[in-house]
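**Student:** Could you have a look at this structure, given as structure tokens, before my questions?
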Amino acid sequence: MNKSKYKFNVDLAEKAVFKNGLRNFLEYRDLGVENASNGEYKAHILRVKKECKGDQEMHTTGFHKHLVTFQMYYVLNGWVKFIYNGEGTHTFKKGDCVYAPPSIKHNEIACSDDFEALEILAPGSHQTVKIEE
Numbered sequence: 011m012n013k014s015k016y017k018f019n020v021d022l023a024e025k026a027v028f029k030n031g032l033r034n035f036l037e038y039r040d041l042g043v044e045n046a047s048n049g050e051y052k053a054h055i056l057r058v059k060k061e062c063k064g065d066q067e068m069h070t071t072g073f074h075k076h077l078v079t080f081q082m083y084y085v086l087n088g089w090v091k092f093i094y095n096g097e098g099t100h101t102f103k104k105g106d107c108v109y110a111p112p113s114i115k116h117n118e119i120a121c122s123d124d125f126e127a128l129e130i131l132a133p134g135s136h137q138t139v140k141i142e143e
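For the sequence shown, the working numbering gives the first residue as 11, with consecutive numbering after it.
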């Protein structure tokens, strides 16, 4: 009998459900990793909502940081532009990957209408803190 605190998990694309989440212009597909890892990790797909396409003014987050020990983005489609405190402005395109050190201040300043990314975080449940500039 497997007594691991982790559970096997499969999330099939054909049964994908996207829901509202942290950002009002994005929708999120939870991949089940948070539940399967007992809250240690989170993995989700995020993409621009259909009703927000073409409105680039909505595609910004303001400076903030996530109280995490791990954050990684892998761009699946489109592009996204971030400013990272001390690291400058970067545009990530399809196939690009970025690891953001814990608690780095950043701001998503723009993204394409077809932007879609895989994000992996630890811990699964964490706080996001807005930074007043």
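Heads up, the beta-carbon is just placed ideally off N, CA and C, and yes, glycines get one too.
With the cut-off set at 9 Å, would you say cysteine 121 and glycine 88 are in Cβ contact?
**Tutor:** Their beta carbons are under 9 Å apart, which means cysteine 121 touches glycine 88 by this criterion.
**Student:** Using the Cα positions of serine 135 and glycine 49, report the straight-line distance between them to the nearest angstrom.
**Tutor:** Near 7 Å, if we compare the C-alpha coordinates of glycine 49 and serine 135.
**Student:** Enumerate in chain order the residues of its own chain whose CB-to-CB distance from isoleucine 130 is below 6 Å, with the five nearest sequence positions on each side excluded.
**Tutor:** Cβ neighbours of isoleucine 130 beyond the five flanking positions: Ala53, Met82.
**Student:** In angstroms with no decimal places, state the Cα-to-Cα distance between lysine 60 and aspartate 123.
**Tutor:** For lysine 60 and aspartate 123, the distance between alpha carbons rounds to 8 Å.
**Student:** Work out the CA separation of phenylalanine 102 and aspartate 21 for me, nearest whole Å.
**Tutor:** If you take the alpha carbons of aspartate 21 and phenylalanine 102, they lie about 26 Å apart.
**Student:** Under the assumption that threonine 71 contacts arginine 39 (Cβ atoms under 8 Å), give the Cβ distance between them as a whole number of angstroms.
**Tutor:** With a Cβ gap of about 19 Å, threonine 71 and arginine 39 do not count as contacting.
**Student:** So what's lysine 59 in DSSP terms, helix, strand or just coil?
**Tutor:** Coil at lysine 59, not helix or strand.
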